[in-house]
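Enquirer: Letter by letter, the sequence shown follows residues -15 to -1, 1 to 202 of mature numbering (1 follows the signal peptide of the UniProt record, and there is no 0). Handing you this structure, nothing more for now.
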Amino acid sequence: MKFFHFLTFAVAASATPVPGLELSTEKPKDLATRQANNLAQVALNAVTTASNTIDTSLDTIASTLAAAGDNINVDVQAVLEANLNAISAALGQGAGAVTGAIAAAGGNIANAVTGYGLVQVLQLVTASNRLVALLKQLGVRLDATIDNLDAVAPAALEALNDELALIRDAVDPFVTPVGEIINAVRRITLTGSLLLTGFDRAVPGLLGILDDLLGGL
């Protein structure tokens, strides 16, 4: 059974170029506020940290399976379980970082992103691209992992399936708050320091893309 099956157009989404954003000549407003409460930076840091951790775990899983061949013993199973658990934990920590920052902003995302400038928008574009790329890679590589579990005993396979379910359940709580920040920036009229030309082209229907990807879980 495929626990993760992602649509092929996610490849194009993950390769979305940085948009043509333009600065006006007006001096930025609310600069101190934007620097003190930068949800875009938090989102970018959270996605980057989760991606790095998940890449390491996926590499460990792949190398362990390659070395084990058909001999998937209890030691191999333990390594697989530990790294699958690390993936769900990384997603959970990323979600916690973003939702924590939103809570610290009083839950008012629109107010927190009002006055964002070019730097913040580019951070958000990078975060969105990395998030889509992360989900795609996670799906493809976990599908490959599942395809190599034929030799696993039923009881052990059930334990691995439980870990996969935890990963599946951890994706949406991470994606949703990042998407809320992106949508808030798309909705507002930025303080005179920035013209948002190109931002909608950079992340066209990102949440729609992510919803389609999640629909394959």
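Idealized CB from N, CA, C, for every residue including glycine.
Following the continuous alpha helix (DSSP H) through residue 144, name the residue where it begins and the one where it ends.
Expert: 139 to 172
Enquirer: Return the first residue and the last residue of the alpha helix (DSSP H) that residue 84 is part of.
Expert: 59 to 89
Enquirer: Nearest-angstrom Cα distance between residue 79 and residue 166?
Expert: 14 Å
Enquirer: Give me the Cα-Cα distance between residue 154 and residue 169, rounded to the nearest whole angstrom.
Expert: 24 Å
Enquirer: Within a Cβ cutoff of 7 Å, which residues of the same chain sit near residue 53, ignoring the five residues on either side of it in sequence?
Expert: 61
Enquirer: Mapping the DSSP letters down to three states, classify residue 55 as helix, strand or coil.
Expert: coil
Enquirer: Going by alpha carbons, who is nearest to residue 151 out of 45, 85, 75, 50?
Expert: 75
Enquirer: Kindly give me the distance between the Cβ atoms of residue 90 and residue 38, rounded to whole angstroms, as I take these residues to be in contact under 8 Å.
Expert: Actually they are not in contact, since the Cβ atoms of residue 90 and residue 38 sit about 25 Å apart, beyond 8 Å.
Enquirer: Going by beta carbon distance, what residues of the same chain come within less than 6 Å of residue 25, once the five residues before and after it are set aside?
Expert: 105, 108, 109
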